[in-house]
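Data block below; observations after.
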Amino acid sequence: MPEGDAIRRLASTITELFAGGTVVASSPQGRFAHSAALIDGCRLQCVRVHGKHMFIGFVTEGEGQGQGQCEGEGEPILERWMHIHLGLYGWWRFNGDETVVDEGYGVAHRVPPVPAGEWNGHSETRWGCGFGEAAAGTWEPPEPVGQVRFRMYNTHAVADLIGPNRCELITDAEREAVEARLGPDPLEVGARDDEEAADCFARTAHAKKRAIGEIIMDQSIIAGVGNIYRADSLFLAGISPHRKGKNVSVKRLKELWVLICDLMNRGLAAGRLETMDPKEAPNPPLVGDEEASRWYVYHRTGRPCVRCGTPIREALMQNRRLFWCPSCQR
DNA sequence: AACTTATGACTAA
DNA sequence: TAGTCCTAAGTTG
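In the working numbering, the protein residues as written are 68 to 397.
Below is the structure:
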């Protein structure tokens, strides 16, 4: 259930735990067995993210000695990429020894060994990391639980992939073809001030007769936005999700681009998808209503808008639940 | 045991 | 627009 920020988080965890070394790969569930066998023993070279797509680059051990480089002068082009799209409910589960530090919500990194139990992380149910309790050197990956499509591990950590919508080995040309079909990614470094990306998004969106709520979910126009960012970015922009793209000025669409960049970076920094500016969150937080202080309109049907008190409305748009404030958004 | 829900996206009609 | 795919957890009967 990830949007672009979650994919970046998962990618950095995978980079932290595995980049630069070889992995033992398998498909406990069996549905990726042939490809996993090709990955087995390869070195994980790098991880790329574009929107909600993740590409893990592998090289046969002994080839191209770069350290986690995906691009650049003199680097070999990676011919073997694992292309992963988590879809609606795919996820990763991590576990590791005492050198793997759980930061919560699926983010982990490695440090020199520290005493077990010192880290009191707050694992999110779905993307939690296992705690590093076993001493380095004695740790072994736990038995896979559930439908683990793909598993890779080294001497310190294991990553299990569960329920991906797409999971395939592809060539570099195929990777480029996938990325070519995607619009600019608001989480790309420098995207917020990237005049070209903002302009590309704004002009494309402005040319559409479709509703802006559909447009920003179109991955070929802007890559990485999902159902929560759609709802809350349009709320913050003050734009009704039903307004047609051509009826939103290019100027406002450029502002929307910047706003989406900021919003997604807020989620990235927070470690989970949070859109609410802490200054606007209900204080004290409503007990048993965590979402009221996490999101502005998403999942808040019938509740009062945090800004104007008008009940939040809900409708279906392209078979996804859409939420908006009829007063703040015009 | 059956049904519902979830931060997605494709194809067929 | 409806159907399909991928999985697990929660609710309902």
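We put the beta carbon where it would ideally sit given N, CA and C, even for glycine.
| query | result |
| --- | --- |
| Same chain, Cβ closer than 7 Å to A359, neighbours up to 5 away in sequence not counted | P349, L353, R367, R370 |
| Close Cβ partners of L249 (< 6 Å) along its chain, the five nearest in sequence each way excluded | H117, G118, Q286, A290 |
| Inter-residue spacing [alpha-carbon to alpha-carbon] between L84 and A224 | 6 Å |
| Touching by the beta-carbon criterion (3+ pairs, under 8 Å), the region 269-279 and the region 300-320 | yes |
| Limits of the unbroken alpha helix (DSSP H) element including D227 | Counting along the chain, D227 falls outside any alpha helix (DSSP H), though it belongs to the beta strand (DSSP E) covering 224-229. |
| Residues bridged to A92 (per DSSP) | M219 |
| Residues near K346 by beta carbon distance below 6 Å, same chain, minus five either side | none |
| Buried versus exposed, by CB contacts within 10 Å (16 or more), P179 | Low per-residue confidence applies at P179: pLDDT is 43, beneath 50, and the placement is therefore not dependable, though the value from the model is reported in the following sentence. Classification of P179: exposed, given that the 10 Å Cβ count is below 16. |
| 8 Å contact criterion, which I295 and L340 should meet: CB distance rounded | 6 Å |
| C-beta atoms of G157 and I229 nearer than 8 Å | yes |
| Of the listed residues A298, E70, H120, N232, nearest to W391 (C-alpha basis) | A298 |
| Buried versus exposed call for G197 [16 or more other C-beta atoms within 10 Å across all chains shown] | Note that G197 scores a pLDDT of 49, beneath 50, so its modelled location is shaky and nothing firm can be said. |
| Residue range of the beta strand (DSSP E) that includes A382 | 380-384 |
| Delimiting residues of the beta strand (DSSP E) encompassing H152 | 147-152 |
| Boundaries (first-last residue) of the alpha helix (DSSP H) holding V106 | Val is not the amino acid found at residue 106; the sequence shown has Ile there. Unbroken alpha helix (DSSP H) run through I106: 100-106. |
| R440 versus L155: straight-line alpha-carbon distance, rounded | Only positions 68 to 397 of the chain appear in the structure, and residue 440 is not among them; the question remains open. |
| Exposure of Q396, with buried meaning 16 or more beta-carbon neighbours within 10 Å | buried |
| DSSP three-state assignment for M343, whether helix, strand or coil | coil |
| Where the beta strand (DSSP E) containing E246 begins and where it ends | Unbroken run through E246 is the alpha helix (DSSP H), 239-247; no beta strand (DSSP E). |
| Proximity below 8 Å, CB of P211 to CB of Y220 | no |
| C328 beta carbon less than 8 Å from that of R259 | yes |
| DSSP-derived helix/strand/coil call for V116 | strand |
| Spatial distance of S394 from L111 (CA atoms) | 50 Å |
| Euclidean distance between Cα positions of K313 and L301 | 15 Å |
| Beta-carbon proximity of R374 to E381, cut-off 8 Å | no |
| C-beta atoms of A92 and A78 nearer than 8 Å | no |
| Proximal residues to N232 (C-beta, below 8 Å), its chain only, five neighbours per side dropped | H152, L153, G154, L155, G157 |
| Spatially closest choice to I288 from H101, E243, R115, D252, by CA coordinates | D252 |
| For W206, three-class secondary structure by DSSP | coil |
| Length of the line joining the Cα atoms of R242 and W148 | 7 Å |
| Three-state secondary structure assigned by DSSP to M331 | helix |
| Coarse secondary structure for E235, derived from DSSP in three states | strand |
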